[in-house]
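So the structure is just underneath, and the comments pick up after that.
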Amino acid sequence: MRFAVAVFPGSNCDVDAYRALHDVLGRDVEYLWHRETDLSGFDGVILPGGFSYGDYLRPGAIARFAPLMEAVVRFAGRGGMVLGICNGFQLLTEAGLLPGALLRNRDLIFLCDTVPVRVENVDTVFTRCCQAGQVLRLPIAHGDGNYAVDAATLAVMEQRGQVILRYCAPDGTVDEQHNPNGSVANIAGIINGQGNVAGMMPHPERAAAELLGGTDGVFILQSMVQELERRQHEASRC
Amino acid sequence: MKLPGAERAARVGLTDAEYARIVELVGREPGDLELDLFGVMWSEHCSYKTSRPLLRLFPTTGAAVLQGPGENAGIVDIGDGLAVVMKVESHNHPSAVEPYQGAATGSGGIIRDIFTMGARPVAMLDSLRFGDLGEARQRSLFRGVVKGIGDYDNCMGIPTVAGEVGFDDSYTGNCLVNAMCVGIIRHGDIKRGAATGVGNPVILVGATTGRDGMGGASFASVDLTAASQERKSAVQVGDPFLEKLLLEACLELFRTDAVVGIQDLGAAGLTSASCETAARGGMGIDLDVALVPRREDGMVPAEVMISESQERMLVIARQGREEDVQRIFDKWGLNAAVIGRVTDDGMLTIRNGDVVVGQVPAKALAEQAPLRHPEAVRPAWQGDLLDLDVTRLQQQDDWTGTLTALLGTPTIASKEWVYRQYDSVVRTNTVIGPGSDAAVLRVDGTDHGIALTIDGPGRMCLLDPATGAAMAVAEAARNLVCSGAKPLALTDCLNFGNPEKPEVFWQFSQAVVGMSDACRKLGIPVIGGNVSFYNETGASAIVPTPVVGMVGVVEDLAHICRQGFGEPGSVVVLLGANTDELGGSEYIRLATGRTAGRVPLLDLEREKEVQELCLAGIRRGLVRSAHDVSDGGLSVTLAESCISGQTGADCSLPAGIRPDALLFGEAPSRIVVSVGAGDLQALVDVAGEMGVPLAVLGTTGGTLLNINVSGKSLVHAPVVDLAAAWSGSLPRLMSV
């Protein structure tokens with residue numbers, strides 16, 4: 392099982408993702424430069440946080456044209472698992488792999504904190520290690536995390552269980568008071584209709600060591616690992 | 004009668020005597036461009052001509068020091084073949100004129116100073132000062148500076164892990180923005196800024212050169228005036244994305260062996276980078292300004308030489324390796340232009356195409372500015388400041404109200420409003436982030452950590468610059484110890500007014516003497532730093548503000564401490580002893596509107612003992628939390644430990660001291676710790692062995708903070724109320 396961590400000019404949580412997957416979960420991980428066009432041999436792709444291309448124009452607006460993204464779109468089209476974190480989430484919406492867009496935070500300032508998020512759907516390959524309704528404490532650090540989507544699309548997403556994480560109170564209550572950035576319906580993370588592409592503003596890769604304040608992010612990353620193990624197992628049975 | 008050249012000298016901000024010295028060193032009258040170079044290089048900002056004689060008092064050596072002052076940053080050994088590279092630098096004047104870009108490029112400049120040494124930057128810290136937040140201009144400066152720092156550091160992917168912010172009217176026209184960067188490096192990978200090897204190519208890498216930041220070094224070397232607002236062209240414009248690319252490209256370049264020397268382009272731009280590398284290597288550099296990639300048309304050679312366009316570095320490569328350098332910078336989409344060669348004539352030769360437009364000895368530019376020895380006179384008003392009759396202070400009965408008010412003063416209040424705007428955890432090394440006495444980072448591949456802090460008690464320095472500066476060192480060390488680290492080395496940023504005024508130079512001299520004394524007694528060397536003079540507007544200078552950035556080593560990350568009280572039922576213990584001193588305290592300022600009184604006694608022997616006791620307690624696993632007594636005194640320390648630990652505490656303070664001094668006095672050398680009931684005796688025993696006074700104050704638990712003296716409850720308040728005052732203050736002030 393091999394993970395690729397994409398590296399765009401300006402990526403800076405590539406290291407965080409690498410360390411969580413490699414050092415904590417003991418998986419094979421490789422950095423993949425934005426000019427690469429070949430994802431063969433990789434089972435999962437992480438689009439990491441950071442400021443790809445300096446967030447010029449809009450976060451992710453330029454990175455979506457990187458050669459690597461063409462490969463990522465093909466990879467996702469074949470059912471490959473893609474997780475976009477923070478800037479990676481923004482990039483996935485820009486690339487059209489996920490619905491909606493990420494706007495400036497409601498208060499127009501960058502926000503670094505550790506916040507509770509409620510797991511909304513545990514029947515996905517990114518959340519299957521979580522309990523239904525479980526509240527995870529995950530770090531956030533972004534200036535553009537205010538998720539927006541039109542009402543009709545949102546209704547479909549809600550109905551299909553595409554909203555996987557919502558900002559909430561420590562006890563799991565979802566309300567406006569516990570919405571750090573103004574996201575519609577407190578949305579912190581979503582998946583695509585096929586269920587193989589996820590985007591989230593919170594950083595699960597930064598919550599993978601007790602020493603650094605918590606390990607709740609491992610639930611997300613371990614879910615991916617389990618799914619890839621399942622796929623490998625199936626492939627070897629065929 | 005004016006000497007020949009006097010007018011020319013004045014044009015570039017130099018004196019007649021300095022001009023005469025230039026003629027002597029060059030052997031003739033300098034040309035216009037040559038004089039421009041001397042103007043920037045011999046400015047106070049670049050030459051340290053006024054401060055250098057005194058800075059020699061600092062202890063700068065020690066077994067762990069790998070690089071002391073004189074390079075782009077200092078380096079100190081932290082074991083395992085690793086070292087910390089660090090430096091703090093001011094960007095006060097640019098920030099006063101253009102807060103966002105001024106602060107952003109302050110970060111950019113100090114970050115380059117760290118990776119030019121070969122290190123990966125791993126942490127940022129900031130020390131900021133503003134005037135009264137009741138004024139719209141001050142809020143706008145504060146907001147702009149914080150956003151400037153955040154946008155730059157966040158985009159760089161370097162966590163901003165600690166800092167401090169203070170407020171005083173003296174900073175109204177001249178805010179302070181001191182940025183500190185810390186990097187980690189393997190001993191063998193250290194790079195230096197020296198040009199050696201005749202014929203080696205001199206390569207300018209990174210961004211293009213434009214007219215931004217023209218003469219920024221000279222701008223930093225005069226007082227701020229109303230006209231300064233017109234000098235926005237002297238403020239550089241930063242692009243953190245370009246710097247991130249430059250950082251990664253340079254670190255990739257360092258993994259080859261193509262680099263002989265490297266230096267960033269900071270103050271005085273290409274001029275300082277070329278003459279300083281040449282002077283350090285004992286060589287010359289021959290460069291052609293026509294080869295410098297530009298972003299603007301029509302720049303004359305002098306503009307190219309002194310432009311402070313950001314995100315540029317000067318690389319001295321091995322001859323024949325030009326293409327390796329080119330390939331790496333191509334990969335990162337950056338310029339790499341060979342603009343000259345290293346020579347053996349000791350001259351900085353500047354060509355514009357085929358024409359030599361300037362040629363002066365590199366050493367003369369870089370190192371031979373005549374030193375100044377200004378007069379130092381104790382200000383006549385110094386005595387008035389000390390005059391404070393505390394017996395006339397009204398002893399009120401609402402101590403809880405006073406404590407609540409103090410918790411809400413901007414200098415003491417929680418700085419979460421600031422640090423929430425900084426990514427403090429990127430790169431996943433941050434074990435303790437902002438909001439405690441010191442930040443702690445894990446060091447990759449080891450069991451160890453490093454602890455970082457930055458401190459500068461301006462109020463105490465106004466009243467007694469020597470003791471105040473010593474307190475900066477003592478407090479920084481105490482903060483590190485509270486996190487479980489042993490202090491190792493410091494970098495300083497000395498912010499003062501116009502040194503040509505005898506009163507200001509007295510403050511400066513006193514502060515340097517005081518800091519040196521504290522460094523020697525606490526065994527902490529100074530490995531680099533920065534002096535920022537001319538922090539004045541109109542007739543008034545800022546209060547003297549020496550700022551100390553310090554690094555310590557955490558031996559075992561299993562034994563670290565935060566400021567919040569440990570689990571309920573812990574015993575609250577004071578290490579050190581209370582005194583009846585009130586001078587210079589925030590309380591006095593609140594009660595009288597003045598910064599006044601005699602500063603508390605700082606006994607450095609006692610300070611050292613208290614720190615050793617605290618560290619021993621943490622390392623033996625006895626201490627659950629530690630927080631030093633500083634701004635606001637013991638009651639504020641207890642309140643902050645309650646708030647951060649989300650618990651109450653019931654304490655009784657030893658009687659015999661007037662209540663206001665007991666609650667709010669800011670005598671140093673005190674730390675409040677919490678320990679498990681079963682561990683108390685062990686801590687008492689250690690204190691007994693070390694001969695350090697210790698007092699059991701009470702226990703943690705419940706939802707109230709109670710402080711009793713002689714059976715009488717002086718402070719009695721729900722912790723949530725104290726927390727609301729402390730946490731709510733800055734958001735409230737900034738939401739106007």
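Order-wise, the sequence lines are chains V and Y. For the first sequence, the positions run 392 to 629 when this note's numbering is used. For the second sequence, the positions run 4 to 739 when this note's numbering is used. For every residue, glycine included, the Cβ atom is placed at its ideal position computed from N, Cα and C.
{"Asked": "Give the list of continuous alpha helix (DSSP H) stretches no shorter than 4 residues that lie fully inside the region 648-736 of chain Y.", "Found": "662-667 and 683-693"}
{"Asked": "Just to make sure I have the definition right: I need the residues of chain Y whose C-beta is within less than 9 Å of the C-beta of F501/V. Which are they?", "Found": "K150, G153, D154, N157, R423, Q424, Y425 and D426"}
{"Asked": "May I ask you to report which of helix, strand or coil DSSP gives H533/V?", "Found": "strand"}
{"Asked": "Which of helix, strand or coil does DSSP assign to R123/Y?", "Found": "strand"}
{"Asked": "Checking contacts by CB at 8 Å: is M4/Y closer than that to chain V?", "Found": "At M4/Y the pLDDT is 43, less than 50, meaning the model places this residue with poor confidence and gives no usable figure here."}
{"Asked": "Since G2/Y and A652/Y are thought to touch, with beta carbons under 8 Å apart, how far apart are those beta carbons, to the nearest angstrom?", "Found": "No statement about residue 2/Y is possible, as the shown extent of chain Y runs from 4 to 739 and does not include it."}
{"Asked": "Which residues in the same chain have their Cβ closer than 7 Å to the Cβ of A379/Y, if we skip the five residues on either side of it in sequence?", "Found": "P505, F508, W509 and S512"}
{"Asked": "Name, in chain order, the residues that DSSP records as bridge partners for T352/Y.", "Found": "D289/Y and Q362/Y"}
{"Asked": "Taking only runs of the alpha helix (DSSP H) that begin and end inside the region 418-471 of chain Y, which ones reach a length of at least 4 residues, in chain order?", "Found": "419-422 and 461-466"}
{"Asked": "For chain V, check one thing: does any of its Cβ atoms lie closer than 8 Å to the Cβ of G109/Y?", "Found": "no"}
{"Asked": "Under a three-way DSSP split, which group does M392/V fall into?", "Found": "coil"}
{"Asked": "For W335/Y, return the contacting residues in chain V, with the cut-off set at a CB-CB distance below 8 Å.", "Found": "P400"}
{"Asked": "Output yes or no for whether 8 Å exceeds the beta carbon distance between G441/V and G160/Y.", "Found": "yes"}
{"Asked": "Grab me the residues of L389/Y's own chain with a C-beta within less than 7 Å of its C-beta, minus the 5 sequence neighbours each way, in chain order.", "Found": "L466, G600 and R601"}
{"Asked": "Does the beta-carbon distance from A397/V to L416/V come in below 8 Å?", "Found": "no"}
{"Asked": "Go ahead and label W420/Y buried or exposed: buried means 16 or more other beta carbons lie within 10 angstroms of its beta carbon, across all protein chains shown.", "Found": "buried"}
{"Asked": "Indicate whether A276/Y and C49/Y have their beta-carbon atoms separated by less than 8 Å.", "Found": "no"}
{"Asked": "For the beta strand (DSSP E) that K504/Y lies in, which residues bound it at each end?", "Found": "Run containing K504/Y: none; DSSP gives neither H nor E here."}
{"Asked": "Using three-state DSSP, classify L69/Y as helix, strand or coil.", "Found": "strand"}
{"Asked": "Per DSSP, what kind of secondary structure is T1/Y in: helix, strand or coil?", "Found": "A question about residue 1/Y goes unanswered here, because the residues of chain Y that appear run from 4 up to 739."}
{"Asked": "For F466/V, name the three-state secondary structure that DSSP assigns.", "Found": "helix"}
{"Asked": "Measure the C-alpha to C-alpha separation of R445/Y and P490/Y and round it to an integer number of angstroms.", "Found": "16 Å"}
{"Asked": "Anything in chain Y within Cβ reach of Q406/V, meaning under 9 Å, just list it in chain order.", "Found": "The question names Gln, yet the displayed sequence has Val at residue 406/V. Within chain Y, the residues near V406/V are G160, V429, R430 and T431."}
{"Asked": "Does the beta carbon of G608/V sit closer than 8 Å to a beta carbon anywhere in chain Y?", "Found": "no"}
{"Asked": "Give me the DSSP bridge partner(s) of I582/V.", "Found": "A589/V"}
{"Asked": "Whole-angstrom Cβ separation of T582/Y and A670/Y, contact assumed at under 8 Å?", "Found": "4 Å"}
{"Asked": "Name, please, each residue of chain V whose Cβ falls closer than 9 Å to the Cβ of L560/Y.", "Found": "L602"}
{"Asked": "Check distances from the C-beta atoms of the region 459-493 of chain V to those of chain A and list, in chain order, the residues that come in under 9 Å.", "Found": "Looking at the structure shown, chain A is missing, and the protein chains on hand are V and Y."}
{"Asked": "Return the chain-ordered list of same chain residues with a C-beta closer than 7 Å to the C-beta of A580/Y, the five sequence neighbours on each side being excluded.", "Found": "P696"}
{"Asked": "Taking C-beta pairs closer than 8 Å, name the residues in chain Y that F394/V reaches, listed in chain order.", "Found": "In chain order: nothing, as chain Y lies at least about 16 Å away."}
{"Asked": "When you compare only the Cα positions, how much space is there between C477/V and G77/Y?", "Found": "35 Å"}
{"Asked": "Have a look at R344/Y and A282/Y and give me their C-alpha separation to the nearest angstrom.", "Found": "14 Å"}
{"Asked": "Looking at chain V, which residues of the region 240-265 of chain Y have a Cβ within less than 9 Å of any of its Cβ atoms?", "Found": "D242, P243, F244, L245, K247, L248 and E251"}
{"Asked": "Flag V434/Y as yes if its beta-carbon sits less than 8 Å from any beta-carbon of chain V, otherwise no.", "Found": "yes"}
{"Asked": "Going by the beta-carbon positions, is the gap between D440/Y and Q566/Y smaller than 8 Å?", "Found": "yes"}
{"Asked": "Which residues does DSSP pair with I193/Y in a beta bridge?", "Found": "The partner list for I193/Y (beta bridge, DSSP) is empty, contrary to what the question assumes."}
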